[in-house]
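What follows is a short report on a single structure.
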Amino acid sequence: MAGKPKLHYSNARGRMESIRWLLAAAGVEFEEQFIEKKEDLEKLRNDGYLLFQQVPMVEIDGMKMVQTRAIASYIAGKYNLYGKDLKERAWIDMYVEGTKDLMDMIMYLPFQPADTKGKNLALIIERATTRYFPVYEKVLKDHGQDYLVGNKLSWADINLLEAILMVEECKPGILSAFPLLQAFKGRTSNIPTIKKFLQPGSQRKPPMDEKTVAIVKKTYGI
Numbered sequence: 001m002a003g004k005p006k007l008h009y010s011n012a013r014g015r016m017e018s019i020r021w022l023l024a025a026a027g028v029e030f031e032e033q034f035i036e037k038k039e040d041l042e043k044l045r046n047d048g049y050l051l052f053q054q055v056p057m058v059e060i061d062g063m064k065m066v067q068t069r070a071i072a073s074y075i076a077g078k079y080n081l082y083g084k085d086l087k088e089r090a091w092i093d094m095y096v097e098g099t100k101d102l103m104d105m106i107m108y109l110p111f112q113p114a115d116t117k118g119k120n121l122a123l124i125i126e127r128a129t130t131r132y133f134p135v136y137e138k139v140l141k142d143h144g145q146d147y148l149v150g151n152k153l154s155w156a157d158i159n160l161l162e163a164i165l166m167v168e169e170c171k172p173g174i175l176s177a178f179p180l181l182q183a184f185k186g187r188t189s190n191i192p193t194i195k196k197f198l199q200p201g202s203q204r205k206p207p208m209d210e211k212t213v214a215i216v217k218k219t220y221g222i
């Protein structure tokens, strides 16, 4: 029997967090090997484990997988979270890429100079409420189903819930104008595997604080 997937990354959200979400939603237990200093990253590179010298890296099914998109696609496909055919996968990909654009804006916020954070936070809220959330609200309204694609939980739904919670950390109550997204959040948050991941003490990571930002900057030479 194959062992648990092993995740190599900092003890922070970053690009690994969506992979943690996917595994948790699929009910898959995983281990984490945290990169806590520059030497940890250099060892992975020197051992030849990082194809492009970058993390995240996930050991799964005898592979040492790198590149966030490739890892997530593999996990989504393996655990039946990637649609039933190519057309459904195309829709899932589009929705995932949309939420990724929004989440990237939030992910980079802690690394930005203090004098620009307010402006960028306002931009995140503006984009969420005028560009991204209206798309998903309309999708749910138009097809009248519980999930974004094929009326079945997929990578797109998991990614959207993650994005919603990240934006709510920036501005609580931001879903007030999106009743269908509010209902979607309630439904998906109560899926047993996801509900477990949202509980205190899980492997879900908190928003980055100044201490974590400093560690990440030093480790990766940012």
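Quick note: the sequence shown uses this note's numbering, first residue 1, plus one each step. Each residue gets a CB set at the ideal place from its N, CA and C atoms; glycine is no exception.
Across the set G186, M166, V55, the C-alpha of M166 shows the shortest separation from the C-alpha of Y108.
In this structure, the straight-line span from the alpha carbon of I75 to that of W21 is close to 11 Å. For V216 and M16, the gap between their C-alpha atoms comes out near 13 Å. If you draw a 10 Å sphere on the C-beta of T188, you find 16 or more other C-beta atoms in it, and that means buried. Bounds of any alpha helix (DSSP H) do not take in E31; it lies within the beta strand (DSSP E) bounded by 31-34. Here the segment 82-102 does not lie against the segment 35-49, with fewer than 3 beta-carbon pairs under 8 Å apart.
A straight-line Cα-Cα distance of about 27 Å links F197 and T219.
Going by DSSP, K78 is part of no beta strand (DSSP E) but of the alpha helix (DSSP H) stretching over 68-78.
Secondary structure at L41: helix, using DSSP grouped into helix, strand and coil. Taking C-beta atoms under 8 Å as the contact rule, L44 and F30 fail to qualify, at a distance of about 17 Å. In the three-state DSSP reduction, L23 falls in the helix class (H, G or I). For the pair L140 and D47, the Cα-to-Cα distance works out to about 47 Å.
Per DSSP, the unbroken alpha helix (DSSP H) holding Y136 starts and ends at 133-143. In this structure, the CA atom of K171 is about 9 Å from the CA atom of L121.
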